[in-house]
């Protein structure tokens with residue numbers, strides 16, 4: 001395969017954007033392993049006492065990811081995130097006002113490979129605050145990441161919290177309202193469907209978020225991120241193939257999926273792990289009012305789930321023409 005290199009005349013700002021995205025890729029794919037390795041070096045080296053002190057801190061701070069986290073506006077406002085968002089670019093689109101006197105549960109779709117739209121819109125920059133004043137977003141991710149030394153501090157500073165039931169309940173229990181839980185409904189399993197042009201969502205059997213919304217009276221808000229699946233190419237893994245079977249088994253064992261993806265490089269456009277420059281438009285739909293029900297029945301959960309799917313499809317159909325989706329294509333729920 002002949003490599004297609006970036007021209008020398010590429011503006012400096014675009015190169016800075018590429019470096020910002022490279023930093024994000026490193027954070028998502030390697031930083032956790034790097035932090036664990038550094039911790040092991042501390043234990044085995046002359047600075048073992050620092051590791052012991054951190055272990056004490058970890059013990060005392062263990063529940064923080066399930067209790068609203070510990071966000072840092074300084075980290076969320078880093079200049080690197082501005083260049084990161086501009087690389088694609090990433091844009092948040094509002095379709096309806098959200099009353100800050102309520103709590104909300106945002107269902108984010110699709111997962112994509114690395115959930116770039118969710119991170120860019122809800123963990124960095126002023127867009128969410130400007131569009132939805134009075135609301136504080138909490139992006140829920142897999143609990144396993146909060147057991148990683150040092151890395152947990154970094155992701156919490158960006159506003160990420162655990163996706164455990166306890167964590168979601170903590171966010172949605174805010175009596176004064178003003179909290180928004182963002183849950184990537186399809187989870188790690190859906191990343192295996194993240195091929196360009198794919199509109200398959202793992203949502204038919206995902207009803208835990210519906211039950212949480214009912215128990216806390218949190219209004220449901222469907223969110224669709226157009227362009228999320230266009231950022232990377234993934235090795236063909238149709239259902240039933242040996243690769244897909246291996247990926248699904250590993251996902252059940254480890255809790256997270258391992259999509260085999262590629263896109264472009266830093267200095268060439270033919271191969272690498274840097275995502276393609278494809279715009280991401282994350283459209284926030286209208287809220288679905290939910291009345292608090294501490295003990296919802298299976299039938300009530302099913303009814304609200306059906307309404308949610310209907311509103312999600314409606315949101316997609318109303319906006320797909322604006323973002324290059326052919327008229328004949330629609331969402332596939334699995």
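In the UniProt record's numbering, the protein residues as written are 1 to 334. Cβ atoms here follow ideal geometry from the backbone N, Cα and C, with glycine treated the same way.
Within 10 angstroms of the Cβ of residue 317, are there 16 or more other Cβ atoms? Answer buried if so, exposed if not. By 1-based counting over the chain shown, the position of residue 317 is 317. Burial call: exposed.
Quick check: what's the CA-CA separation for residue 326 versus residue 270? By one-based count along the chain shown, residue 326 stands at place 326. By one-based count along the chain shown, residue 270 stands at place 270. Going from the Cα of residue 326 to the Cα of residue 270 covers about 27 Å.
Going by the DSSP bridge assignment, what does residue 179 pair with across the sheet? Position 179 of the chain shown holds residue 179. For residue 179, which the question treats as bridged, DSSP gives the partners 136.
DSSP beta-bridge partners for residue 305? Translated into positions along the chain shown, residue 305 becomes position 305. None, per the DSSP bridge assignment.
Could you tell me which residues DSSP puts in a beta bridge with residue 288? Your numbering for residue 288 matches position 288 in the chain shown. Paired residues: 220.
Could you compute how far the alpha carbon of residue 314 sits from the alpha carbon of residue 177? By 1-based counting over the chain shown, the position of residue 314 is 314. By 1-based counting over the chain shown, the position of residue 177 is 177. So the two alpha carbons sit approximately 27 Å from each other.
Going by Cα to Cα distance, which pick from 158, 199, 235 is closest to residue 141? Walking along the chain shown from the start, residue 141 turns up at place 141. Closest by alpha carbon: 158.
Which residue spans inside the segment 136 to 169 form an unbroken alpha helix (DSSP H) run of at least 4? 151 to 157
Pair within 8 Å by beta-carbon distance, residue 201 and residue 109: Locating residue 201 in the chain shown gives position 201, counting from the first residue. Locating residue 109 in the chain shown gives position 109, counting from the first residue. Going by C-beta atoms, residue 201 is nearer than 8 Å to residue 109.
Report yes or no: do the segment 25 to 43 and the segment 85 to 96 share at least 3 C-beta pairs separated by less than 8 Å? no
DSSP-derived helix/strand/coil call for residue 76: Within the chain shown, residue 76 is the residue found at index 76, counting from 1. Helix.
Residue 310 to residue 297, Cα distance in whole Å? Position 310 of the chain shown, counted from the first residue, corresponds to residue 310. Position 297 of the chain shown, counted from the first residue, corresponds to residue 297. Cα-Cα distance, rounded: 20 Å.
Please report the straight-line C-alpha distance between residue 45 and residue 51, rounded to a whole angstrom. Here residue 45 refers to the residue found at position 45 when the chain shown is read from its first residue. Here residue 51 refers to the residue found at position 51 when the chain shown is read from its first residue. For residue 45 and residue 51, the distance between alpha carbons rounds to 10 Å.
Closer than 7 Å by C-beta to residue 173: which residues in its own chain qualify, once you throw out the five before and the five after it? Chain order, please. Taking the first residue of the chain shown as position 1, residue 173 is located at position 173. So the list reads 216, once near-sequence residues are dropped.
Taking the C-alpha atoms as reference points, what is the distance between residue 252 and residue 195? By 1-based counting over the chain shown, the position of residue 252 is 252. By 1-based counting over the chain shown, the position of residue 195 is 195. Near 21 Å, if we compare the C-alpha coordinates of residue 195 and residue 252.
3-residue-minimum beta strand (DSSP E) runs that sit fully inside the segment 179 to 206, ordered along the chain: Counting only runs of 3+ residues, the beta strand (DSSP E) found wholly inside the segment 179 to 206 occupies 179 to 184, in chain order.
Please check the pair residue 85 and residue 124, which I expect to be a contact at CB under 8 Å, by giving their CB distance rounded to whole angstroms. Taking the first residue of the chain shown as 1, we reach residue 85 at position 85. Taking the first residue of the chain shown as 1, we reach residue 124 at position 124. Sure, about 7 Å apart at Cβ, within 8 Å.
Near residue 150, which residues of its chain fall below 6 Å by C-beta distance, leaving aside the five closest residues on each side in sequence? Sequence index remark: in the chain shown, residue 150 carries index 150 (1-based). For residue 150, the CB contacts under 6 Å within the same chain, skipping 5 residues up- and downstream, are 35 in chain order.
Suppose you measure from the CA of residue 179 to the CA of residue 231; what does that come to, to the nearest Å? Counting from one through the chain shown, the residue named residue 179 turns up at place 179. Counting from one through the chain shown, the residue named residue 231 turns up at place 231. One C-alpha to the other measures close to 30 Å.
N-terminal and C-terminal residue of the alpha helix (DSSP H) that residue 253 is part of: Here residue 253 refers to the residue found at position 253 when the chain shown is read from its first residue. 242 to 254 is the span of the alpha helix (DSSP H), which, as asked, contains residue 253.
Can you tell me which residues form a DSSP beta bridge with residue 94? Sequence index remark: in the chain shown, residue 94 carries index 94 (1-based). For residue 94, which the question treats as bridged, DSSP gives the partners 284.
With DSSP run on the structure shown, which of helix, strand or coil describes residue 269? Within the chain shown, residue 269 is the residue found at index 269, counting from 1. Reduced to three states, the DSSP call for residue 269 is coil.
Cβ-Cβ distance between residue 281 and residue 227 below 8 Å: As a first step, residue 281 is located in the chain shown; it is residue number 281 there, counting from the start. As a first step, residue 227 is located in the chain shown; it is residue number 227 there, counting from the start. Pairing residue 281 with residue 227 gives a Cβ-Cβ distance under 8 Å.
Residue(s) in a DSSP beta bridge with residue 225: Taking the first residue of the chain shown as position 1, residue 225 is located at position 225. 282.
Give the DSSP bridge partners of residue 107, in chain order. Residue numbering aside, residue 107 sits at position 107 when the chain shown is read from its first letter. In DSSP, residue 107 forms a bridge with 183, 222.
Is residue 304 near residue 290, with beta carbons less than 8 Å apart? Position 304 of the chain shown holds residue 304. Position 290 of the chain shown holds residue 290. Yes; because the gap between Cβ atoms is below 8 Å, this pair is in contact.
Does the Cβ of residue 77 have 16 or more other Cβ atoms within 10 Å, making it buried, or fewer, making it exposed? Taking the first residue of the chain shown as position 1, residue 77 is located at position 77. Counting Cβ neighbours within 10 Å, residue 77 comes out exposed, since fewer than 16 surround it.
Distance check for residue 42 and residue 48, CA to CA, integer angstroms please. Residue mapping note: residue 48 aligns to position 48 of the chain shown, counting from 1. Residue mapping note: residue 42 aligns to position 42 of the chain shown, counting from 1. Distance between the alpha carbons of residue 48 and residue 42: 5 Å.
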